[in-house]
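S.K.:
Protein chains in written order, with the numbering used here: chain U, 1 to 352; chain P, 353 to 704.
Okay, structure coming up:
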């Protein structure tokens with residue numbers, strides 16, 4: 001790796017000249033050009049499974065905004081889908097599985113996955129995007145965390161109260177650990193295949209870690225994430241592949257997260273990023289954390305709030321600017337531009 | 353007040369011989385006798401507006417379980433309903449308002465409320481329940497926090513992302529403060545009327561405080577709660593009326609909450625109650641915080657988890673046992689009994 005990317009450097013806490021910026025769901029429905037491709041594709045999963053379409057939507061936001069990273073267009077549920085659970089997206093209802101996992105037998109029956117064979121469309125997309133990016137900015141690969149995948153697999157879809165998956169955990173903790181162990185292996189193999197195909201950083205999305213008690217978070221969600229991290233091949237061609245753990249609603253547990261082996265932690269908008277920096281004590285970089293709803297405010301308000309996040313983190317490397325959660329589909333692209341440009345304009349003084 | 357109640361004593365950090373216990377939504381759908389009365393009443397609001405029905409369902413859980421407090425059966429949205437927003441409960445959709453608050457004019461137009469005149473059914477229920485309780489256990493009054501009421505009033509109902517109410521806050525912070533000021537007055541007057549009618553403790557439910565950034569939480573939600581607290585008449589007949597603030601998802605901000613003037617803070621299940629006790633430094637009592645989903649596990653697991661919460665808080669007064677959020681409608685009453693009995697059985701050694 002002879003190139004130097006400020007995104008990678010910030011994650012590894014090397015000096016940068018400005019704060020890098022990208023944002024969750026940057027390839028998405030708020031862009032009219034995305035909606036066009038999505039309509040042509042016919043379904044969300046068809047976008048994911050056709051590498052040339054996944055590549056096209058991955059690149060779209062980069063043509064509009066000065067972003068410092070691209071992120072693979074895909075979905076966290078590709079792994080359970082490859083395991084045979086039968087993923088479907090019902091309009092207005094979110095993802096659901098035809099064959100949820102409910103019993104010891106269901107868990108034992110889950111097959112190991114071979115990422116190149118079973119999820120080749122993802123690796124093909126990674127390779128194609130890398131070729132198209134041509135070294136301009138790095139590409140982030142990602143996966144859902146084992147716990148977050150388990151919530152969808154046991155509930156059979158989205159959930160408000162996580163009754164089924166938590167009841168399984170409370171009632172049969174050994175079964176939950178068995179499920180998470182299987183998923184940890186699959187997630188690690190999947191991310192390693194993305195790295196082998198060209199992903200230059202990887203992020204683990206623990207979207208539902210925050211619904212647990214502190215002790216269950218540590219014993220189940222974080223423990224499984226740690227196992228994923230341990231299996232990752234993060235040295236490649238003499239360079240480092242940085243790793244990011246994002247736990248939505250996990251702001252109370254940053255100290256524990258910072259000891260799980262990841263280079264960086266993602267923060268949602270309920271965290272004070274300055275306090276978070278002090279709490280993790282320089283062990284990890286931080287990524288975040290503007291409230292996505294800020295993007296509905298006028299550009300001058302967006303700029304002020306970007307300034308608050310940058311100032312909140314303070315001077316020095318180790319910060320990647322991002323939203324605290326995915327962008328909403330009804331945001332105006334011009335407001336996104338205000339955010340991105342504010343980071344470009346306001347961050348250099350913090351790195352002198 | 354010549355009686356001594358362990359619930360009141362624990363909130364005021366006076367010595368108790370065991371940890372008091374009650375739980376959120378203890379009068380509710382998990383009880384078959386509640387479902388019967390609810391069906392006869394025809395609608396949820398009809399239960400609230402008929403004092404004899406509200407009284408009946410308030411008393412139902414006390415006949416089954418050894419609880420240390422009753423809580424008024426009502427809804428947090430009675431205030432905006434009394435302000436003329438037109439509250440309706442659509443089956444499966446939750447509450448909604450026919451006339452949401454969206455503009456400066458809408459906010460200015462909101463009338464002040466006279467609790468005895470406009471919400472007399474609530475005060476009648478309080479008086480009736482007090483008479484029926486006959487001094488056996490104390491009665492808790494409650495209200496929604498100004499911020500939480502504002503979310504429903506601006507969104508027009510429940511929300512996933514709070515886009516409208518947050519956009520109003522980001523775009524026109526002075527309007528949001530004006531709305532919250534009006535609501536702070538109304539909520540304080542409402543709680544004072546409940547106290548005058550006989551409520552022996554009052555609780556403010558900030559169900560949606562946790563969706564804010566730290567700075568917005570302090571400036572809007574907590575500031576409005578502080579204003580409510582300042583106006584409360586908490587001395588009555590020579591005794592103290594304890595006050596409780598519960599912010600769901602507010603575990604990162606306990607220090608700030610502990611300085612808002614309340615006697616106790618409610619904790620959801622994502623908080624470590626032992627750490628919380630150290631963080632608030634003895635300034636306030638704590639109420640909580642078993643994960644409501646624990647009640648789907650077998651009784652022996654429930655008992656272990658109750659023990660964890662009690663041991664987590666540790667020895668001494670200042671803890672009221674509760675769930676970390678409302679009980680779910682599909683819980684078995686026998687599992688509730690296991691929880692309540694575990695508190696009775698396991699807590700006395702902590703108070704010797």
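Just so you know, even glycine gets a beta-carbon here, dropped at the ideal spot from N, CA and C.
Quick check: the stretch 77-89 of chain U against the stretch 131-139 of chain U, are there 3 or more CB pairs under 8 Å?
M.R.: Cβ pair count under 8 Å is below three, so no.
S.K.: Is DSSP giving residue 13/U helix, strand or coil here?
M.R.: Coil at residue 13/U, not helix or strand.
S.K.: Nearest-angstrom Cα distance between residue 198/U and residue 4/U?
M.R.: Rounded to whole angstroms, residue 198/U to residue 4/U spans 16 Å at the Cα level.
S.K.: Alpha carbon to alpha carbon, how far is residue 233/U from residue 192/U?
M.R.: The alpha-carbon atoms of residue 233/U and residue 192/U are separated by roughly 6 Å.
S.K.: Give the DSSP-derived three-state secondary structure of residue 602/P in the structure shown.
M.R.: In this structure, residue 602/P counts as coil in the three-state DSSP scheme.
S.K.: Measure the C-alpha to C-alpha separation of residue 61/U and residue 31/U and round it to an integer number of angstroms.
M.R.: If I take the Cα positions, the gap works out to 8 Å.
S.K.: Taking only beta-carbon positions, decide if residue 518/P is within less than 8 Å of chain U.
M.R.: Yes - at least one Cβ of chain U is within 8 Å of the one on residue 518/P.
S.K.: Only counting runs of 4 or more residues, tell me where the alpha helix (DSSP H) segments fall wholly within the stretch 260-331 of chain U, in order along the chain.
M.R.: The qualifying runs are 273-280, 299-313.
S.K.: Of all Cβ atoms in chain P, is any one closer than 8 Å to the Cβ of residue 213/U?
M.R.: Closer than 8 Å: yes.
S.K.: Mapping DSSP to helix, strand and coil, what is residue 414/P?
M.R.: In this structure, residue 414/P counts as helix in the three-state DSSP scheme.
S.K.: Can you round the beta-carbon distance between residue 535/P and residue 501/P to whole angstroms, since I take them to be within the 8 Å contact cut?
M.R.: That pair is a contact at about 5 Å.
S.K.: Take residue 333/U and list the residues in its own chain whose beta-carbon comes closer than 7 Å to its own, dropping the five residues that flank it on each side.
M.R.: Result list for residue 333/U: 30, 31, 64, in chain order.
S.K.: At least one CB of chain U closer than 8 Å to the CB of residue 679/P: is that the case?
M.R.: Residue 679/P does not count as touching chain U.
S.K.: Does the CB of residue 251/U have a neighbour CB from chain P at under 8 Å?
M.R.: Answer yes: the Cβ-Cβ gap between residue 251/U and chain P drops below 8 Å somewhere.
S.K.: Assign residue 231/U to one of two classes, buried (16 or more other C-beta atoms within 10 Å of its C-beta) or exposed (fewer than that).
M.R.: Under this definition residue 231/U is an exposed residue.
S.K.: Can you check whether the C-beta of residue 171/U is within less than 8 Å of a C-beta belonging to chain P?
M.R.: Yes, its Cβ sits closer than 8 Å to a Cβ of chain P.
S.K.: To the nearest angstrom, how far is it from the Cα of residue 248/U to the Cα of residue 264/U?
M.R.: Straight-line Cα distance between these residues: approximately 14 Å.
S.K.: Quick check on residue 55/U - is its C-beta less than 8 Å from some C-beta in chain P?
M.R.: Output row for residue 55/U: interface = no.
S.K.: Is it buried or exposed for residue 103/U, if we count other Cβ within 10 angstroms and need 16 for buried?
M.R.: With fewer than 16 Cβ atoms within 10 Å of its Cβ, residue 103/U is classed as exposed.
S.K.: Give the straight-line distance between the Cα atoms of residue 288/U and residue 622/P, rounded to the nearest whole angstrom.
M.R.: Rounded to the nearest angstrom, the two C-alpha atoms are 21 Å apart.
S.K.: So is residue 247/U in contact with chain P if we call contact Cβ pairs under 8 Å?
M.R.: With 8 Å as the cut-off, residue 247/U does not count as an interface residue toward chain P.
S.K.: With DSSP as the reference, identify every bridge partner of residue 143/U, one or two as the case may be.
M.R.: For residue 143/U, which the question treats as bridged, DSSP gives the partners 204/U.
S.K.: Short of 9 Å Cβ to Cβ, which residues in the stretch 607-640 of chain P face chain U?
M.R.: Hits within the stretch, in order: 621, 622, 623, 624, 627.
S.K.: My understanding is that residue 662/P touches residue 702/P, with C-beta atoms under 8 Å, so please give their C-beta distance in whole angstroms.
M.R.: About 6 Å separates the two Cβ atoms, so the contact holds.
S.K.: For residue 225/U, tell me which candidate among 35/U, 143/U, 24/U, 327/U has the shortest Cα-Cα distance.
M.R.: Comparing Cα positions, the closest option is 143/U.
S.K.: Given a cut-off of 8 Å on the beta-carbon distance, is the pair residue 112/U and residue 204/U in contact?
M.R.: No, the pair does not count as a contact, with Cβ atoms beyond the cut-off.
S.K.: Going by the beta-carbon positions, is the gap between residue 481/P and residue 434/P smaller than 8 Å?
M.R.: No.
S.K.: Relative to the C-alpha of residue 395/P, which residue among 440/P, 660/P, 445/P, 571/P is closest?
M.R.: Residue 440/P is the option with its Cα nearest to residue 395/P.
S.K.: DSSP three-state label for residue 71/U, please.
M.R.: In this structure, residue 71/U counts as strand in the three-state DSSP scheme.
S.K.: Mind checking the stretch 199-223 of chain U against chain P and listing, in chain order, the residues whose C-beta falls within less than 9 Å of any C-beta there?
M.R.: For the stretch 199-223 of chain U, which is checked against every Cβ of chain P, the residues closer than 9 Å are 210, 211, 212, 213, 214, 215, 216, 217.
S.K.: With DSSP collapsed to three states, give me the class of residue 354/P.
M.R.: Per-residue confidence for residue 354/P stands at a pLDDT of 43, beneath the threshold of 50, marking its modelled position as unreliable; the derived number appears in the next sentence. The answer is coil: DSSP assigns residue 354/P none of H, G, I, E or B.
S.K.: Considering only C-alpha positions, which residue in the set 280/U, 66/U, 14/U, 123/U is nearest to residue 52/U?
M.R.: Considering only alpha carbons, the answer is 123/U.
S.K.: Can you tell me where the beta strand (DSSP E) with residue 449/P in it begins and where it stops?
M.R.: Run containing residue 449/P: 446-449, per the beta strand (DSSP E) assignment.
S.K.: Quick check on this structure: which residue in 358/P, 517/P, 362/P, 374/P has the alpha carbon closest to the alpha carbon of residue 694/P?
M.R.: The option with the nearest alpha carbon to residue 694/P is 374/P.
S.K.: From residue 596/P to residue 614/P, what distance separates their C-alpha atoms?
M.R.: In a straight line, the C-alpha of residue 596/P is about 6 Å away from that of residue 614/P.
S.K.: Residue 514/P versus chain U: which residues are under 8 Å apart at the beta carbon?
M.R.: Within 8 Å Cβ-Cβ: 293.
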